[in-house]
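In mature numbering (1 follows the signal peptide of the UniProt record, and there is no 0), the protein residues as written are -19 to -1, 1 to 96.
Every residue, glycine too, gets a C-beta built ideally from N, C-alpha and C.
A quick write-up on the structure given underneath.
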């Protein structure tokens, strides 16, 4: 009986001990445009709670409305999805966690065409 109780106790504690130090690695890029990181290429690591962040930046013009400009990839301590519109600027932020490089940008190739 004692061995059974010890086994149950170990099985109950194992997930907390094993997953205590789990971290997620995220892509970092301060200027991602046309399918490539143009500046600030690297990676960062986040512990439990925060996540990897992707921010799409748009600028407004009279003819086209809000038009995609670039993307920023990084880690965030308080990662939440949100959207901000302030004047001629629109920022859309998305978050993910639990999988390495989950913020690897998979944007629309429409924006990568050269004009």
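Cβ-Cβ distance between residue i and residue j below 9 Å
i	j	result
residue 27	residue 7	yes
residue 83	residue 33	yes
Between the CA atoms of residue j and residue i - distance to the nearest angstrom
i	j	result
residue 65	residue 3	31 Å
residue 41	residue 50	10 Å
residue 68	residue 48	13 Å
residue 35	residue 44	27 Å
residue 19	residue 5	23 Å
residue 16	residue 81	19 Å
residue 86	residue 14	10 Å
residue 12	residue 23	12 Å
residue 29	residue 61	14 Å
Given residue i as reference, the closest of the options once Cα atoms are compared
i	options	result
residue 78	43, 45, 31, 19	31
residue 21	81, 52, 63, 62	52
residue 63	81, 29, 18, 38	38
residue 70	18, 46, 14, 23	46
Any non-hydrogen atom of the ligand NAD closer than 8 Å to residue i Cβ
i	result
residue 3	This structure lacks the ligand NAD, and indeed carries no ligand of any kind.
Unbroken beta strand (DSSP E) runs of length 3 or more, entirely within the region 7 to 70: which are they?
Runs of the beta strand (DSSP E) inside the region 7 to 70: 17 to 20, 23 to 27, 32 to 42, 46 to 57, 63 to 67.
Please determine if the region 55 to 62 and the region 72 to 82 are in contact, where contact requires at least 3 C-beta pairs separated by less than 8 Å.
Under the three-pair Cβ rule at 8 Å, the region 55 to 62 counts as touching the region 72 to 82.
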